[in-house]
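Input: a single structure, listed below in structure tokens.
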Amino acid sequence: MNQLEQLKKYTKVVADTGDFQSIKAYTPRDATTNPSLILKAVQKDEYKPLLEKAVRDNPHASTGEVIDKLLIAFGGEILKVVSGRVSTEIDARLSFDVEANVAKGRELIDLYERAGFDRERVLIKIASTWEGIKAAEILEKEMIHCNLTLLFSLPQAIACAEAGVQLISPFVGRIYDWYKKQTGIDYVGAEDPGVQSVKRIYNYYRKFGYETEVMGASFRNTSQILELAGCDLLTISPDLLQKLADSEGPVERKLSAETATGAAAKMTLDEKTFRFMLNEDAMATEKLAEGIRAFCADSGKLKQIISGMR
1 MNQLEQLKKY TKVVADTGDF QSIKAYTPRD ATTNPSLILK AVQKDEYKPL LEKAVRDNPH
61 ASTGEVIDKL LIAFGGEILK VVSGRVSTEI DARLSFDVEA NVAKGRELID LYERAGFDRE
121 RVLIKIASTW EGIKAAEILE KEMIHCNLTL LFSLPQAIAC AEAGVQLISP FVGRIYDWYK
181 KQTGIDYVGA EDPGVQSVKR IYNYYRKFGY ETEVMGASFR NTSQILELAG CDLLTISPDL
241 LQKLADSEGP VERKLSAETA TGAAAKMTLD EKTFRFMLNE DAMATEKLAE GIRAFCADSG
301 KLKQIISGMR
């Protein structure tokens, strides 16, 4: 078997793309999207009809409402290809607003259900700010399951687990980027700080019996992916999925509930402790803020495209 086939024995493979045509080639269980991926997709000729239809069918809707329709259009097409779930992201501008995140999560699920899709097949993506986590806690109680994204630290992960969040997406590659820039070291394999972060979170969850799923995300190379074989899920871009499919080397299981070791002592975080611990982690603080800004910028570009079509 190639490495992708071997990886699927230990981990649920998720496609990290808005390009649902490419998803078919790799048969992932789930798929994830974000504003940057949707912006990239709508600029391709094969996906412009989805954008044009969203604009044409909603002439009196606000630009934000058209984007919501577009997100559901992409998500719906993806759900026709994958057997599992799709993650759809809330506008990053709402990252520090509990009530707005809750309202938008309800709106998106309602749109999916009106389109004929079960809410169990949808994860609402929200940034892992304190407010985002609190919003997810409310939504989860309404059986609206959430994927907490832009996650870079153990305190964020612990707060998500305590809130009963369905799934978290710790960002391996962006952690690697930060440390490489700081140190000049090109980390490989188990020495990669991004890999170590996900292992630390996974082991903590398994040690203390949390049901929140861990989905490693934002990979830069296949070495990072293979070091996390056994993680609950891994969301992987099409180019790295192809590299795995083209490689025949052995894949060993690196993570399992039975071998979870070295976990930190159990912590329960209130808001003050969460904010202080996050602030003490320069990498997590910087990458969270940077990620929110980047997603806001790409949402803004998408709005400009839509405004130009009306």
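Numbered per full-length UniProt numbering, the sequence shown finishes at 310, counting up by one with no gaps. Even for Gly, the Cβ is constructed at its ideal location relative to N, Cα and C.
Boundaries of the beta strand (DSSP E) in which residue 231 is found, first to last residue:
Position 231 of the sequence shown, counted from the first residue, corresponds to residue 231. It is not in any beta strand (DSSP E) - residue 231 carries neither H nor E in the DSSP assignment.
Is the beta carbon of residue 46 less than 8 Å from the beta carbon of residue 21?
If you number the sequence shown from 1, residue 46 lands on position 46. If you number the sequence shown from 1, residue 21 lands on position 21. Cβ atoms of residue 46 and residue 21: closer than 8 Å.
Under the assumption that residue 123 contacts residue 87 (Cβ atoms under 8 Å), give the Cβ distance between them as a whole number of angstroms.
Residue numbering aside, residue 123 sits at position 123 when the sequence shown is read from its first letter. Residue numbering aside, residue 87 sits at position 87 when the sequence shown is read from its first letter. Indeed they touch by this definition, with Cβ atoms about 4 Å apart.
Identity of the residue in 163, 98, 184, 83 nearest residue 26 by Cα:
The sequence position of residue 26 within the sequence shown is 26, counting from 1. Of the listed residues, the one whose Cα sits closest to residue 26 is 83.
What span of residues does the alpha helix (DSSP H) with residue 203 cover, start to end?
Position 203 of the sequence shown, counted from the first residue, corresponds to residue 203. Where residue 203 is concerned, the enclosing alpha helix (DSSP H) stretches over 193–207.
Own chain residues within Cβ distance below 7 Å of residue 261, not counting five before or after
Within the sequence shown, numbered from 1, the residue matching residue 261 stands at position 261. Same-chain partners within the cutoff: 203.
Alpha-carbon spacing of residue 209 relative to residue 159, whole angstroms:
Along the sequence shown, one-based indexing puts residue 209 at 209. Along the sequence shown, one-based indexing puts residue 159 at 159. One C-alpha to the other measures close to 14 Å.
How should residue 145 be labelled, buried or exposed, when 16 other C-beta atoms within 10 angstroms of its C-beta is the threshold for buried?
Position 145 of the sequence shown, counted from the first residue, corresponds to residue 145. Buried.
Distance between beta carbons of residue 194 and residue 176, contact taken as under 8 Å
If you number the sequence shown from 1, residue 176 lands on position 176. If you number the sequence shown from 1, residue 194 lands on position 194. Contact flag correct, Cβ pair sits at about 4 Å.
Residue 216 to residue 36, Cα distance in whole Å?
Locating residue 216 in the sequence shown gives position 216, where the first residue counts as 1. Locating residue 36 in the sequence shown gives position 36, where the first residue counts as 1. Between residue 216 and residue 36, the C-alpha separation is close to 18 Å.
Contact set for residue 292: own chain, Cβ-Cβ below 7 Å, skip 5 residues either direction:
By 1-based counting over the sequence shown, the position of residue 292 is 292. Hits under 7 Å: 92, 95, 127, 150.
Sheet register partners of residue 146 (DSSP bridge)
Your numbering for residue 146 matches position 146 in the sequence shown. Residue 146 pairs with 124.
Tell me residue 15's beta-bridge partners as DSSP assigns them.
Start at 1 with the first residue of the sequence shown, and residue 15 comes out as number 15. The partner list for residue 15 (beta bridge, DSSP) reads 31, 236.
Below 8 Å, how does it come out for the region 108–116 and the region 66–84: are there three or more Cβ pairs, yes or no?
yes
Could you name the residues of the same chain whose beta carbon sits closer than 7 Å to that of residue 298, not counting the 5 residues immediately before and after it, in chain order?
Working through the sequence shown from its first residue, we reach residue 298 at position 298. 35, 36, 39.
CB contact flag (residue 240, residue 219, <8 Å):
Locating residue 240 in the sequence shown gives position 240, where the first residue counts as 1. Locating residue 219 in the sequence shown gives position 219, where the first residue counts as 1. A contact, by the Cβ cut-off of 8 Å.
Taking residue 108 as part of the alpha helix (DSSP H), name the residues at either end of that continuous run.
Within the sequence shown, residue 108 is the residue found at index 108, counting from 1. Note, residue 108: alpha helix (DSSP H), 98–114.
On the criterion of 16 or more Cβ atoms from any shown chain inside 10 Å, does residue 230 qualify as buried, or is it exposed?
The residue you call residue 230 lines up with position 230 of the sequence shown. Residue 230 is buried by the Cβ-count criterion.
Among 81, 80, 77, 69, whose alpha-carbon lies nearest the alpha-carbon of residue 90?
Sequence index remark: in the sequence shown, residue 90 carries index 90 (1-based). That would be 69, whose Cα lies nearest to the Cα of residue 90.
Provide the residue span of the beta strand (DSSP E) that contains residue 169, from first to last.
In the sequence shown, residue 169 corresponds to position 169, counting from 1. Run containing residue 169: 167–170, per the beta strand (DSSP E) assignment.
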